[in-house]
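Notes follow once the structure below has been shown.
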């Protein structure tokens, strides 16, 4: 795929828009950023998958790590700084401007209704993101086994994400390694 | 004031580096620091701040840094705490970015292999966050109508796939409107 570089201004404005309008947390933000970069042909699916892996496997807010990597990869160090600023500005401004008003109305049924409606839509959006990333990240049978097992443990046994990451990666190395050996022998 | 700013920056840098797996994981650390150790907040006002941080757009940990920084250190405090909480983990991320880009030969082979091996785990983590987002909706099953409509929109329209936020706000405004008609969600 030919890569079209993206100007610093376009990068800044795209991330600013995404950050200002996307509710629902890190995974949703990352998915929306991925979609936007794919659509512009700025980065390949493979590069994006590596960036997502690093964002999710390291401490810190995922959306910030992701925009840092996007900016750095596309426009160098200053691109990274701009990208992080674009991601941080909208929540910081909203927060400084609205926090007093929101604190007073925290128990309002209308505010609750607004966020319920948003979260109902978010379920569909995150499902679409999950399918997109799943298609990219789950290739072999061992991949599926690891994904289902780790997701199950995260959801139902309260496995901590650190151990999920370490254990899941080791298991995946082991199973994929075995699979490869079998293939070579055949 | 300077000492206070530095203390808070250090605290937030530490919390964000030791927080792993999404913003919710940072809550116990912040509770420990602000309610138990510093005793700047009561448990009640802490819970209020966290629910506010969850509601507003942006990562929870960034929002709590902005709010707590603002409350105790004014606007400069808010900006400094936000900077600390965002920048500290980026040091680690950058180190890994640079090191993995430099890897060659068998080091590169292993970097690629481990990266690929992590991908199914990443998929699992996203699946788990989908689950935690879906769970609260089961107490209001009628909301799943909106989920289905959003899904249909995303599936059929490439415009909506490009701007999914329209669907988010569309659904949010719809339930907001309905709440004024006396329906509760």
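Chains as they are written, first to last, in my numbering: chain A, 1 to 186; chain B, 1001 to 1185.
For every residue, glycine included, the Cβ atom is placed at its ideal position computed from N, Cα and C.
query	result
Would you identify the three-state DSSP class for residue 1038 of chain B, choosing helix, strand or coil?	coil
Alpha carbon to alpha carbon, how far is residue 2 of chain A from residue 41 of chain A?	In this prediction, residue 2 of chain A has a pLDDT of 48, which is less than 50 and means its spatial position is unreliable; what the coordinates show is noted afterwards. Distance between the alpha carbons of residue 2 of chain A and residue 41 of chain A: 8 angstroms.
Using the C-alpha atoms, what's the distance from residue 114 of chain A back to residue 1055 of chain B?	10 angstroms
Mark residue 100 of chain A as exposed unless 16 or more other C-beta atoms lie within 10 angstroms of its C-beta, in which case mark it buried.	exposed
How about residue 1016 of chain B and residue 1061 of chain B: are their beta carbons less than 8 angstroms apart?	yes
What separation, rounded to the nearest whole angstrom, lies between the Cα atoms of residue 1093 of chain B and residue 61 of chain A?	11 angstroms
Work out the CA separation of residue 104 of chain A and residue 111 of chain A for me, nearest whole Å.	11 angstroms
Is the shortest distance between the beta-carbon of residue 1035 of chain B and the beta-carbons of chain A less than 8 angstroms?	no
Whose C-beta lies closer than 6 angstroms to the C-beta of residue 1106 of chain B among residues of the same chain, with five residues either side of it excluded?	none
State the CB to CB distance for the pair residue 126 of chain A and residue 28 of chain A, rounded to an integer number of angstroms; the pair is presumed to be in contact (CB under 8 angstroms).	6 angstroms
Using the Cβ count rule (16 or more neighbours within 10 Å means buried), how would you classify residue 1153 of chain B?	buried
Please go through the same chain and pick out, in chain order, the residues whose beta-carbon is closer than 8 angstroms to the beta-carbon of residue 1042 of chain B, but skip the five residues on each side of it.	1035
Using a Cβ-Cβ distance cut-off of 8 angstroms, determine whether residue 1175 of chain B contacts chain A.	yes
Answer with buried or exposed for residue 53 of chain A, where buried requires no fewer than 16 other C-beta atoms within 10 angstroms of its C-beta.	buried
Leaving out five residues before and five after residue 150 of chain A in sequence, what residues of the same chain have Cβ atoms less than 7 angstroms from its Cβ?	164 and 168
Between the C-alpha atoms of residue 68 of chain A and residue 106 of chain A, what's the straight-line distance to the nearest angstrom?	32 angstroms
Hey, residue 36 of chain A and residue 90 of chain A: beta-carbon distance below 8 angstroms or not?	no
What is the DSSP secondary structure of residue 150 of chain A, reduced to helix, strand or coil?	helix
Since residue 1019 of chain B contacts residue 1025 of chain B with CB under 8 angstroms, what's their CB separation in whole angstroms?	5 angstroms
Nearest to residue 14 of chain A by CA position, among A:74, A:31, A:83 and A:66, is which residue?	A:83
Taking Cβ-Cβ distances shorter than 8 angstroms, what residues in chain B pair up with residue 115 of chain A?	1055 and 1172
Give the straight-line distance between the Cα atoms of residue 1098 of chain B and residue 58 of chain A, rounded to the nearest whole angstrom.	15 angstroms
Applying the 10 Å Cβ sphere with the 16-neighbour rule, what's the burial state of residue 172 of chain A?	buried
Check whether chain B comes within 8 angstroms of residue 157 of chain A, counting only Cβ atoms and requiring the distance to be less than that.	no
If you draw a straight line from the C-alpha of residue 16 of chain A to the C-alpha of residue 23 of chain A, how long is it?	13 angstroms
Identify the contact partners of residue 130 of chain A in chain B, using a Cβ-Cβ distance below 8 angstroms as the criterion.	1123, 1126, 1127 and 1130
Judging by CA-CA distance, which residue of A:94, A:162, A:144 and A:81 is the nearest neighbour of residue 9 of chain A?	A:81
Within the stretch 107 to 162 of chain A, note down every full alpha helix (DSSP H) run reaching 4 residues or more, in order along the chain.	109 to 137 and 141 to 156
DSSP three-state label for residue 19 of chain A, please.	helix
Going by the beta-carbon positions, is the gap between residue 87 of chain A and residue 1057 of chain B smaller than 8 angstroms?	no
If distances are taken between C-alpha atoms only, which option among A:137, A:145, A:71 and A:158 comes closest to residue 43 of chain A?	A:71
Residues of chain A with CB under 8 angstroms from residue 1093 of chain B, in chain order?	54, 55, 58, 60, 65, 68 and 69
Along the chain, where does the alpha helix (DSSP H) that runs through residue 1179 of chain B open and close?	1165 to 1180
Taking contact to mean at least 3 C-beta pairs separated by less than 8 angstroms, is the stretch 132 to 140 of chain A in contact with the stretch 1111 to 1127 of chain B?	yes
Under 8 angstroms, Cβ to Cβ, is there at least one residue of chain A near residue 1008 of chain B?	no
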